[in-house]
Structure formats: structure tokens, C-alpha cells
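Line by line, the protein sequences are chains A and B.
For what it's worth, the numbering used here labels the leading residue of the first sequence as 1, then goes sequentially.
For what it's worth, the numbering used here labels the leading residue of the second sequence as 119, then goes sequentially.
Beta carbons: idealized from backbone N, C-alpha and C, even for Gly.
Working notes, beginning with the structure itself.
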Amino acid sequence: MKARFLAPPALSLRFVAVWRRHFLVWKKLAIPSILGNLADPLLMLFGLGYGLGAVLGNLGGTSYFAFLAGGFLGTATMYAATFEALFSAFSRMHVQKTWEAIVNAPMTLKDVLAGEWA
Amino acid sequence: MTAAPLHARGLRKRYGDLEVVAGVDLEIAAGECFGLLGPNGVGKTTTLKLCLGLLEPDAGAIRLLDHDVPAQAREARARVGVVPQFDNLDPDFSVAENLLVYSRYFGLPGREFLPRLPQLLEFAGLAGRTGAKIQTLSGGMKRRLTLARSLVNDPQLLFMDEPTTGLDPQARHLIWERLRQLTQQGRTLVLTTHFMEEAERLCTRVAIMDKDRVIAEGSPRALIARHIEPQVVQVHGQGLDAWAATGGRLAARSERVGETLFCYAADPEPVLAALRGREDLVYLHRPANLEDVFLKLTGRDLRD
Chain A
1 MKARFLAPPA LSLRFVAVWR RHFLVWKKLA IPSILGNLAD PLLMLFGLGY GLGAVLGNLG
61 GTSYFAFLAG GFLGTATMYA ATFEALFSAF SRMHVQKTWE AIVNAPMTLK DVLAGEWA
Chain B
119 MTAAPLHARG LRKRYGDLEV VAGVDLEIAA GECFGLLGPN GVGKTTTLKL CLGLLEPDAG
179 AIRLLDHDVP AQAREARARV GVVPQFDNLD PDFSVAENLL VYSRYFGLPG REFLPRLPQL
239 LEFAGLAGRT GAKIQTLSGG MKRRLTLARS LVNDPQLLFM DEPTTGLDPQ ARHLIWERLR
299 QLTQQGRTLV LTTHFMEEAE RLCTRVAIMD KDRVIAEGSP RALIARHIEP QVVQVHGQGL
359 DAWAATGGRL AARSERVGET LFCYAADPEP VLAALRGRED LVYLHRPANL EDVFLKLTGR
419 DLRD
């Protein structure tokens, strides 16, 4: 039993079908998703940058706004990518039962996971 | 192909301390409609999942369409269709996209599948709703779409877990008609259900499961003939308490369930004669059905 757990997964090209499913969903949801993920950090940036920036003034030669912008760019990117990937995978697994539907076809959990990963 | 499409022997599956399936044998012949009946939680769904290779049995051997399961489950599932207990259609997609995306999981190229798409939609009665969103469909439509989805790979064998649970009578009759069409096309059906009427109408053979094993098997008619008297008189009403002691003895076998007395007999005439003219009792005389067998074998108590 233990040896089987440790064995490398037998991968097949079937996962492409799973990936194509995700791509089709992404095409439908990309624009609202990009808008949401842009608007949220921008709102914070402008609010904090101009609001708090007006009080703080210059920090070591750069404006507080520019100082914040770099940070927000980083966190927003990482946050959006992680959230989109994890949240949708979880809802596919748990809420929508998409994984369950897929493994009823001649697919395995490995194919599903490879599709999520790709 | 002459071998049975599904052959399972000595299936066992345990979740923790609870043995859900304890030695189930199934042999299903080509072209038959096989019903797996049983109260909730006796392992019907687990049995189906074992047969599909989605769960690994603790013991037992399964052959599904000439493949060993779970070792060659993928090859076997390529020729099997599944209607799950709960609809798991993709809510992000339209009706047609759902079928198309599912066909890809079977490795079917689009040019092969797309010509069959209108036919499948026609079968599901959704020809006019090709582009409709899943959220806008009624429960019956979703169920029909799930049924159509299970047919994308033109399967020889179909597994259906409670195909009509939660549907209104119209939708149920439509599903029954479709299932009959499928058997007429020569496909083999394996279904689980709680509706004894459904099993009696559709199935050529049924197995009744109780407490993790199969306790009776045969055609619905044979089971009724073997396990139960052919006529039933069902009595309820205010005067039942007083009447039950004497009236019950007129039948070959009688059973009190809550406020109803069931009298089973080959000749119900004495019971009926005793009931005639009684205004405080309401009675119904009918032939025995599969539900009587089911209740006799699995008990009338609530199962939890």
C-alpha cells in the first residue's frame, strides 16, 4: 500500500480536456474577474495613497503614493492569482461537484488534478 | 460479446468501523433493466461506485464490460454512462456546452461529437434551449440534460442513481419513457430507486438491499408471488381499534402500521364482507405490489 502511495502518478494527456473546460469558463468570466481584481487594489491605493499620503508627505525622497503602488502591485497580483485558483478549485470540488462529474467519465482524479494544476 | 456486462462477486466496503457493503453479488445480463432497491443508507450508491471503480473494494471482484475494475476502470468507464444521484452539471456553461465539454472527457473529437449533439438535445427534450443557462432550467430539465450527458459516449451500460427523485409526476413519466427507449435500443440499465412503482414498471429484475447486503432478487412479479399474498385490503378510520382484533383475523396475515391495518390474503372476500356497511372505516382493496414486498422484507420502521 505504502509503495503505491509513493509511486509517481501515471499521467495521461486526458487532463487536457479538463484544462479546456477551465479555459472555456475563464473566457466567460475573465472580464468581470479582471475588473474586480483591478478595482479593489486601485480603490485602496487611491484612498490610502492620497488620504494618508497627504498627511505623511514625502518619505525618503519618494511620495507615499509611489511607495504604496509597488507594494499593492505585488500583493494584488499574488492575491488575485491564489484566490482565483484556490477558490474555483474548491468550488469545483465541493459546491459544484464538477470533479465528481469528471471522474464518472473515463478520467481519474490524477487527470482532474493535473488539469487544475496546468 | 456474450459475457455479462457487469459481474460482481463478494463486494465488501468499510468506512471506518461501519461496513456499508458486506458481500454483495450482482450479475447483470445484457439488455436488462436492473433495479437496486433499498432504504436510504444501505449501500446502494456505494455499490454503484464500487462497480464504476470510483471506490476501491476491501474485498471482492468486479468485471465491468470485460474489464477488471478498479484496475482497468478507465477503459471500462469509456463505454459506460452515469447519471449521478445529484445533478452536477456545469453552472458556468450553457446546455450545449455542458454536453460538448463532457464529450471531451471521453476523448471524443468535436467533429465526431457535434453531429450527434442535436439528437441528444432532442432526446432530452431540450432542442429549443441549446444556449440556455443551467440556472434557468427546471429540475426536470436538468435531470433530462444529465441523462443526455450520460449518453455522449453512446454507452452500452448505464448506471443511474435515483434518476427520478425529486421530480414531479409529469417529469417522472417522461424520464420513464426515455429509459424504456434506451432499453429498446439494446442498452443495459442499472438503476437505484425508492419508487417501487418505478421499479415495477421499468425493471426486468430487481434486487432488494437491506443492511449492507442483497436480501431478495428476481423479477418484480416473481418477488410479489414469492413473498406476499396476492390481495391487500388497507383499512383506516375511527373505528379501527375496535375492528382490528376481529377483522384482522379474517385475513391470512395482517399488519398494523400507525393508523392503518394491512390485511393480506389470497381471498379477501371475508375481510371485505366484514367491512361493508361500516361507516367509521375507510378501506381500499388492491392487488399486492412491490412496495408490500419491500416493506415486508425491510420492515416498516423508519430507517436511520
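Legend entry - Backbone secondary structure at A334/B - three-state DSSP: In the second sequence, counting from the first residue as 1, residue 334/B sits at position 216. In this structure, A334/B counts as strand in the three-state DSSP scheme.
Legend entry - Nonlocal neighbours in the same chain, by C-beta distance under 7 angstroms from P209/B, ignoring five residues either side: What you label residue 209/B is simply residue 91 of the second sequence in a count that begins at 1. Taken in chain order, the residues that qualify are I252, Q253.
Inset, instruction - Report yes or no: do three or more beta-carbon pairs, one from the stretch 173-186 of chain B and one from the stretch 237-256 of chain B, lie closer than 8 angstroms? - result: no
Legend entry - Separation of D328/B from A362/B, as counted between CA atoms: What you label residue 362/B is simply residue 244 of the second sequence in a count that begins at 1. What you label residue 328/B is simply residue 210 of the second sequence in a count that begins at 1. Approximately 30 angstroms, taken between the alpha carbons.
Legend entry - Rounded C-alpha distance that separates L360/B from V389/B: For the purposes of this step, residue 360/B is identified with residue 242 of the second sequence, where counting begins at 1. For the purposes of this step, residue 389/B is identified with residue 271 of the second sequence, where counting begins at 1. Note that residue 360/B is Ala in the sequence shown here, rather than Leu. Approximately 15 angstroms, taken between the alpha carbons.
Legend entry - Rounded separation between R92/A and R261/B - CA only: Walking along the first sequence from the start, residue 92/A turns up at place 92. Walking along the second sequence from the start, residue 261/B turns up at place 143. About 19 angstroms.
Inset, instruction - Rounded to whole angstroms, what's the CA-CA distance from F72/A to E174/B? Just pull it up for me. - result: Against the first sequence, residue 72/A aligns to sequence position 72. Against the second sequence, residue 174/B aligns to sequence position 56. Cα-Cα distance, rounded: 48 angstroms.
Legend entry - Whole-angstrom C-beta distance between A140/B and R130/B, which should lie under 8 angstroms: Stepping through the second sequence from its first residue, residue 130/B is reached at position 12. Stepping through the second sequence from its first residue, residue 140/B is reached at position 22. Confirmed, about 6 angstroms.
Inset, instruction - Tell me, please, whether the CB atom of K2/A is closer than 7 angstroms to any CB atom in chain B? - result: The residue labelled residue 2/A in the question sits at position 2 within the first sequence. Caution is warranted here: a pLDDT of 48 is assigned to K2/A, below 50, making its placement in the model unreliable, and the coordinate value is therefore given only provisionally. So, not an interface residue.
Legend entry - Coarse secondary structure for G51/A, derived from DSSP in three states: For the purposes of this step, residue 51/A is taken as residue 51 along the first sequence, with counting starting at 1. Here G51/A sits in helix by DSSP.
Inset, instruction - Reducing DSSP to helix, strand and coil, say where L129/B ends up. - result: Working through the second sequence from its first residue, we reach residue 129/B at position 11. Strand, per DSSP.
Inset, instruction - Note down, in chain order, every chain B residue with its Cβ under 8 angstroms from the Cβ of E116/A. - result: Locating residue 116/A in the first sequence gives position 116, where the first residue counts as 1. Under the 8 angstroms cutoff, chain B gives no residues; its nearest Cβ is about 14 angstroms from E116/A.
Inset, instruction - From the DSSP output, read off the bridge partner residues of G153/B. - result: By one-based count along the second sequence, residue 153/B stands at place 35. Bridge partners of G153/B: L309/B, V324/B.
Inset, instruction - Would you list, in chain order, the members of the stretch 80-103 of chain A that have their beta-carbon closer than 7 angstroms to a beta-carbon of chain B? - result: For the stretch 80-103 of chain A, which is checked against every Cβ of chain B, the residues closer than 7 angstroms are Q96, K97, T98, E100, A101, I102, V103.
Legend entry - F65/A beta carbon less than 7 angstroms from that of G74/A: Within the first sequence, the letter at position 74 stands for residue 74/A. Within the first sequence, the letter at position 65 stands for residue 65/A. No, they are not a contact pair.
Legend entry - Residues in the stretch 21-32 of chain A having any Cβ partner in chain B nearer than 9 angstroms: Listed by position along the chain: R21, L24, V25, K28, L29.
Inset, instruction - For F204/B, return the contacting residues in chain A, with the cut-off set at a CB-CB distance below 8 angstroms. - result: Counted from its first residue, the second sequence places residue 204/B at position 86. Per Cβ cutoff of 8 angstroms: K97.
Inset, instruction - Compare the beta carbon distance of E100/A and N206/B with 7 angstroms and say whether it is the shorter of the two. - result: The sequence position of residue 100/A within the first sequence is 100, counting from 1. The sequence position of residue 206/B within the second sequence is 88, counting from 1. It is a contact, given that the beta carbons lie within the stated cut-off.
Legend entry - Outcome for K123/A when other beta-carbon atoms lying within 10 angstroms are tallied against a minimum of 16: Lying outside 1 to 118, the shown extent of chain A, residue 123/A is not represented and no answer is given.
Inset, instruction - State the Cα-Cα distance for the pair Q274/B and R290/B, rounded to the nearest angstrom. - result: Here residue 274/B refers to the residue found at position 156 of the second sequence. Here residue 290/B refers to the residue found at position 172 of the second sequence. Using only the alpha carbons, I get a separation of about 23 angstroms.
Legend entry - Which residues DSSP lists as bridging C381/B, in chain order: One-based indexing of the second sequence puts residue 381/B at position 263. DSSP lists V351/B, S372/B as partners of C381/B.
Inset, instruction - Please state whether DSSP places N58/A in a helix, a strand or coil. - result: One-based indexing of the first sequence puts residue 58/A at position 58. Strand at N58/A.
Inset, instruction - Give the straight-line distance between the Cα atoms of V16/A and K110/A, rounded to the nearest whole angstrom. - result: Counting from one through the first sequence, the residue named residue 16/A turns up at place 16. Counting from one through the first sequence, the residue named residue 110/A turns up at place 110. Their backbone Cα atoms lie some 12 angstroms apart in a straight line.
Legend entry - chain A residues whose Cβ lies nearer than 7 angstroms to that of R130/B: Start at 1 with the first residue of the second sequence, and residue 130/B comes out as number 12. Simply none; closest approach about 17 angstroms.
Inset, instruction - Could you tell me which of D176/B, L172/B, F231/B sits nearest to A135/B, measuring between CA atoms? - result: Within the second sequence, residue 135/B is the residue found at index 17, counting from 1. Before going further, note that residue 135/B is Asp rather than Ala in the sequence given. Ranked by how close their Cα comes to the Cα of D135/B, the residues D176/B, L172/B, F231/B have D176/B in first place.
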